[in-house]
Amino acid sequence: GDLPEKVKRNTKTRRARVNKRILGRSIDERSPSRKDFGHWECDLVLGHKTKDDDVLLTLCERKTRQFFMIKIEDKTSASVMKAFDKLREYYGSKWNQIFKSITTDNGSEFADLSDLEQISKTLVYYAHPYTSCDKGSVERHNGLIRRYIPKGDRMDKYSVEDIAKIEVWCNSLPRKILS
Numbered sequence: 001g002d003l004p005e006k007v008k009r010n011t012k013t014r015r016a017r018v019n020k021r022i023l024g025r026s027i028d029e030r031s032p033s034r035k036d037f038g039h040w041e042c043d044l045v046l047g048h049k050t051k052d053d054d055v056l057l058t059l060c061e062r063k064t065r066q067f068f069m070i071k072i073e074d075k076t077s078a079s080v081m082k083a084f085d086k087l088r089e090y091y092g093s094k095w096n097q098i099f100k101s102i103t104t105d106n107g108s109e110f111a112d113l114s115d116l117e118q119i120s121k122t123l124v125y126y127a128h129p130y131t132s133c134d135k136g137s138v139e140r141h142n143g144l145i146r147r148y149i150p151k152g153d154r155m156d157k158y159s160v161e162d163i164a165k166i167e168v169w170c171n172s173l174p175r176k177i178l179s
């Protein structure tokens with residue numbers, strides 16, 4: 001029959017991407033160097049794609065590859081900002097030395113992140129739309145998380161202790177780049 005012909009042809013229609021506007025400072029303004037400590041990449045890891053599930057806010061430092069995972073209640077910009085407010089409170093006067101810049105994507109959950117520029121010296125950069133490789137370190141770590149938390153699994157079934165164990169495991173992996 002016609003099956004071999006059918007398989008050969010890609011019948012899926014491609015949807016044209018609507019140009020997403022960049023929320024703030026473009027990643028093009030960020031230094032490509034990884035020499036200085038304090039430049040972070042940030043992302044969210046979703047479990048079950050429902051509104052009532054927790055999500056993980058993930059942060060990876062570009063030089064040391066130090067990795068943080070923070071469980072937040074949902075993927076709203078308010079929850080993301082609440083997590084950053086807690087981090088700022090925790091680090092206090094050291095915040096500006098530890099968080100010199102944060103690079104994230106253009107998701108609506110990061111829309112308010114540029115407010116950090118008004119209340120601290122942290123610069124916030126937004127990656128090019130649909131270009132996850134702009135923040136490759138955090139994306140790599142998010143892939144490691146999936147070894148423990150499969151896609152579609154509910155995040156709320158994992159305790160803060162479970163998340164901490166995964167974080168310790170990620171940070172203890174030997175890395176060629178760090179010798």
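Its first residue numbered 1, the sequence shown is counted upward by one per residue in UniProt numbering.
Virtual Cβ for every residue (Gly too), placed ideally from N, Cα, C.
R154 vs D53 beta-carbon contact at 9 Å: Taking 9 Å as the Cβ cut-off, R154 and D53 qualify as a contacting pair.
Beta-carbon spacing of V138, E41 below 9 Å: The answer is yes: Cβ separation under 9 Å.
S132 by DSSP, collapsed to three states: which one? In the structure shown, S132 falls within a helical segment according to DSSP collapsed to helix, strand and coil.
Whose CA, out of S26, A83, D162 and T103, lies closest to the CA of K135? Cα-wise, what sits closest to K135 is T103.
Based on Cα-Cα distance, which residue from V160, V168 and K165 lies nearest to V55? For the set V160, V168 and K165, the Cα lying nearest the Cα of V55 is the one of V160.
How long is the line joining the alpha carbons of Y130 and Y91, rounded to whole angstroms? Taking the straight line joining both Cα atoms gives about 32 Å.
8 Å contact criterion, which S26 and Y125 should meet: CB distance rounded: The C-beta distance from S26 to Y125 rounds to 7 Å, short enough to fall under 8 Å.
Under a three-way DSSP split, which group does E73 fall into? When secondary structure is reduced to three states using DSSP, E73 falls in the coil class, being assigned neither helix nor strand.
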